[in-house]
Each structure stands twice: as structure tokens, then as C-alpha cells.
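In our numbering, the protein residues as written are 4 to 358. The beta carbon of each residue, even a glycine, is placed where N, CA and C say it ideally should be. Notes follow once the structure below has been shown.
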Ligand SMILES: [Zn+2]
């Protein structure tokens, strides 16, 4: 069957990807400039873990969990395989899928680990999300889709505070190296080949340009949240680097090879982990905002983050191109019912957004 959109002949990126170009063989520039990811290995991970083991301490590390598959596996490995004294942390995001909540309860019980669930205890974050959503609808720009993740953008401040309070100096994350979306950088005028740190430093320029074209983002009430989001957006941001100087933050899958089949098989069997099957995908379903972002990217770019993720897995030899195409066909379906639920929760009319 003929594909409706033109895709790279090597990976699966469509010709609508920001900053994409193709050579004579139909291979995209994301493929030709791609550098294969190299895992650091279990030995290096064990060196870090062994340095943090301490019989006098109640906890030796924090593992951040969302209810999704990769953080579930990270928690399992840290507690069961490496015998670390783990404190699980979870941001009680008001938009968490019910199945993710169940998964969190199941994994904590199965592994017998303590958990701290924190929230922002403020209506301000919801108000800022509503403000950003309204601003976006006035002038839909794919570059501003990440602005919908207001709540998660400031959790690193809480994570560092909890670590300090419990005298924990190691934080382990379950994010996998293939899911850092490359096309988002191009949207903010940063080359997709730049690393995380340079991207962080340059993308403020692109953000400023976007905001100058749509000043509705600049609601005075939301500016402090926006600044905090920039300072504490992820473990590589400035605020986290400064406040977390005494803390080691590691990405588990930078040390251990990410393997979807192994991950799913172990967490299903040992943690009673599951996902809402009608959503088709086991990736990024745990927060309802994900469905909204898929919709926004699809409407403005004709692709979602899954196109980028699967393109990387194909380049890495972790998935065949045929399988990636089959998955995209199935998993890029938009879940309008979920989005309507979310918009309703924000006190807006779904009609306002979905038309
Ligand atoms: Zn390609």
C-alpha cells in the first residue's frame, strides 16, 4: 500500500519534520548526522551505586516514578537486582491516568519500597496551564506545545528538596536516551545535532521569539512559573545544576541498554504493571496531557513525538522500519475523548479547543 506522506527511506521521519532535508537516496539529514548512542555499561553503574551504599542510612537513592514503563523498570532494577535502599518519588500530577496510579501502588507494594508523593498544592499551575492552552489556541505553534507541561516543569525543585531532607545524594531517572525529541530543537531554531546542555542554553532565544509573536503567554500571574520552569525544567537545567551540586543525578538507561521487550516482560510479571490497551501504545500514556500534545503536533506538523522516537529506534537497530511504520499507523491515532476529558477538567469547553 502506498504511504500517504513521504518518509525517509532509512528511518520513518515524514517530510513535515522541522528542519528535514533528503539526499538523492531519500535518506534524511537526521539519519546522515545521527550519532549512535553508546551505553556506559553496568560496571560504571555499579561503581556509582557502590559509592553510595551506606548501612547507616535509611535510603541510598531516590528513583522518580510516573507509573510508566521505563521508570517502573528502573525502580525494579535498583531495588531487586542491585539491592539499593530506594525511596520512590512521584509527582502526583492531577492529570495522571488511572492505570498509572494503579501501577504505582502495585510496584511499591511488590517491591516493598517507601514512596513520597508530592503535589504543587496550588491552583496556580492549573491556571497557568489554562492560560498557555488559550494562548496556543489563538496562534497554534508546534514550538510552544511543551508549554502545556507546566506542572512537570518545576518538579525538580521539589525532588532536590526531598533529597536534601532525607540526606540522599543519588537520584536515578528512568528516562531513556532515545526519547529526547530531536525535532523540538529545530522548532526553537537549535540544530537537532546539538547536545542537551547547548540546547538548553540556546533555546531561550527561540522561546523569546515565539513569545514575542504571541504575548498571550505573558500573563503576569504565570511569569514566575514560566521562569521556574526554565530554571528547573529537567536535570540538566541551570537551577538543578546549582541547587543539586552535592547530588549525583543519573539516567539509568545511559548505563544499561534499554530493551523494550525485556522491560515490558519483567514489569508485567514482577510488578503487575499494565497499560490501557485501547490506547495501543505502552509509551507516554501515563499523563493525559500527552494526548493533547499528540493532537497539537499532529494538527501543526502531521507527526507526533512517536515518529521521532521510533525513527531513533530504527537507526539504532532496535526496531525494523516496517514495524515502526505499523506502530505509527496504530499508535498515532488521536484520542479526542481523552482530550475532551482533560479540557473539561480545566474548566474549559472541549468545543473551544477541538474546533
Ligand atoms: Zn531518516
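- With respect to the C-alpha of residue 261, the residue from 15, 20, 12 and 41 having the closest C-alpha is 41.
- Sorting 34, 44, 36 and 207 by C-alpha distance to the C-alpha of residue 259 places 44 at the top.
- Note that the segment 212-227 touches the segment 123-137; at least 3 beta-carbon pairs, one per stretch, sit closer than 8 Å.
- In this structure, the alpha-carbon of residue 56 lies about 6 Å from that of residue 63.
- Within its own chain, the residues whose Cβ lies closer than 7 Å to the Cβ of residue 257, once the five positions on either side in sequence are excluded, are 42, 43 and 180, listed in chain order.
- Where residue 120 is concerned, the enclosing beta strand (DSSP E) starts and stops at 117-121.
- Cβ contact annotation for residue 277 (same chain, cutoff 8 Å, sequence separation greater than five): 102, 105, 106 and 271, in chain order.
- According to the DSSP secondary-structure assignment, residue 174 is paired through a beta bridge with 65 and 252.
- The Cβ atoms of residue 289 and residue 176 do not sit closer than 8 Å to each other.
- Beta-bridge pairing by DSSP links residue 99 to 290.
- Judged by their CB atoms, residue 111 and residue 89 are not nearer to each other than the 8 Å cut-off.
- Taking 7 Å as the cut-off, the C-beta of residue 16 counts as close to a heavy atom of ligand 1.
- The way I'd put it, the segment 330-337 does touch the segment 302-317; three or more beta-carbon pairs between them come closer than 8 Å.
- Beta-bridge partners assigned by DSSP to residue 31: 25.
- The segment 157-176 makes contact with the segment 57-77: 3 or more CB pairs, one atom from each, lie closer than 8 Å.
- Taking 8 Å as the cut-off, the beta carbon of residue 83 is found no closer than this to the beta carbon of residue 49.
- Secondary-structure assignment with DSSP links residue 94 through a beta bridge to 121.
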